[in-house]
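Below is one structure; the comments refer to it alone.
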Ligand code: PLP
Ligand code: COI
């Protein structure tokens, strides 16, 4: 891609106290943007100062939610370089989500180049303290001006970056999860597998009601029978039962998490038995009653590894591992973050170093 670069004339103040970054509310000086027109393809790739988008009020993204996005992270490495974790996998999943929502794919290497160029330019924004990173949000929206309920013919792909700390204010302390029994997030044949805005909008009411009751998130069950465990709003779920790592099998209702895949690969590397299968919610409560449910934790780019200390389903609540992070979750947290920071051997070559273009 021939990316033009316009640097900001008014650089923003960078956050001084990295312990107060929070998640996704501070943005760097620049953004990447490229546009698409049917018959013309992708055109005018550019890095520009971070700014508002101007779109027509009749843009399909505003009316029909034709939108997909990704979440990835850049890390400050001890050798002064910046590392990207499995970024091409994010680009591939972006394209899978785009296909499901009738949007154009953008070549994986083009996405990779765009992200590298942007992160290189804003590399001084990558925070260095433990537990911080530069969160990257590639996004594609349908623009144009047509209220007809069909796919658009013009699109915008952009990437913004946000220096961030932990997603949950508690950091790695166990969170409380409510198992949702009234609403559904995704159904067979729907869009649960795609990372599209509507899936998140569909989950907000349940999440807000759970928050009002003191829970951090809801755990979704399958939308048809509300019997099997699927995933949490922003992370996949894993359980340790009888010394085995158990997680829901993928299908068209669950986001195929890149962290999920990484943890399963690390588990296999370490010889920990892994089961990807349907998990009846009743099994969790029975295993807990029999002392066989050892740990529960979520996996996600933003959430990293988030231990779950409490699970409520209907009128039953269970406390897992005394509401403390367990040894398996801790081991995966240490290994994963160690690889991301290149302090632990990266046997799968998941981290790529951002080249210096300038
Ligand atoms: N499930 C949902 C619904 C998510 O939003 C996320 C976050 O991206 C995940 C799972 C975890 O996916 P990943 O590990 O690729 O970040
Ligand atoms: C991520 O982990 O990158 C996500 O996209 C979660 C997000 C919805 C906060």
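In the numbering used here, the protein residues as written are 8 to 365. Ideal placement from N, C-alpha and C gives every residue a C-beta, glycine not left out.
- Here residue 138 is not near residue 83, since their CB atoms are 8 Å or more apart.
- In the structure shown, residue 57 adopts coil according to DSSP, grouped into three states.
- Distances from the CA of residue 180 to each of 340, 12, 347 were compared; the closest alpha carbon is that of 340.
- Close CB contacts of residue 15 within its chain, under the 8 Å cut and outside five residues either way in sequence, are with 36, 37, 56, 57 (chain order).
- According to the DSSP assignment, residue 107 belongs to the alpha helix (DSSP H) that extends over 94–107.
- In this structure, the ligand COI has a non-hydrogen atom nearer than 7 Å to the beta-carbon of residue 310.
- Short of 7 Å from the beta carbon of residue 274, and not among the five residues preceding or following it, lie these beta carbons of its own chain, in chain order: 252, 281.
- With 16 or more other Cβ atoms inside 10 Å of its own Cβ, residue 145 counts as buried.
- Secondary structure note for residue 237: its beta strand (DSSP E) is the uninterrupted segment 236–239.
- Separation of the CB atoms of residue 260 and residue 193 is rounded to 4 Å, and the pair is thereby assigned contact status at 8 Å.
- In this structure, residue 128 and residue 12 form a Cβ contact; the two beta carbons are roughly 7 Å apart against a cut-off of 8 Å.
- Minimum Cα-Cα distance from residue 308 among the listed residues 93, 213, 326 corresponds to 93.
- In the three-state DSSP reduction, residue 210 falls in the helix class (H, G or I).
- Distances between the C-beta of residue 87 and the heavy atoms of the ligand COI are all 7 Å or more.
- Assignment of beta-bridge partners to residue 149 by DSSP yields 162.
- Residue 231 carries a coil assignment under DSSP once its states are collapsed to helix, strand and coil.
- Not one heavy atom of the ligand COI sits closer than 7 Å to the Cβ of residue 172.
- Within the DSSP bridge table, the entry for residue 284 names 255 as partners.
- Nearest in C-alpha terms to residue 212, of all of 201, 196, 190, is 190.
- For the pair residue 256 and residue 228, the CB atoms are not nearer than the 8 Å cut-off.
- Counting of Cβ neighbours within 10 angstroms places residue 222 among the buried residues, the total reaching 16 or more.
- In this structure, DSSP gives residue 243 an extended state, which the three-state scheme calls strand.
- Non-local beta-carbon contacts of residue 218 in its own chain, meaning distances under 6 Å to residues more than five positions away in sequence, are absent.
- Remark: the shortest separation between the CB of residue 81 and any heavy atom of the ligand COI does not fall under 7 Å.
- Under the three-state reduction of DSSP output, residue 38 falls in the strand class.
- Residue pairing by DSSP places residue 224 opposite 184 in a beta bridge.
- In the DSSP annotation of this structure, the continuous segment of the beta strand (DSSP E) that includes residue 82 starts and ends at 79–83.
- Ranked by how close their Cα comes to the Cα of residue 199, the residues 31, 104, 63, 328 have 104 in first place.
- Secondary structure of residue 357 (DSSP, three-state): coil.
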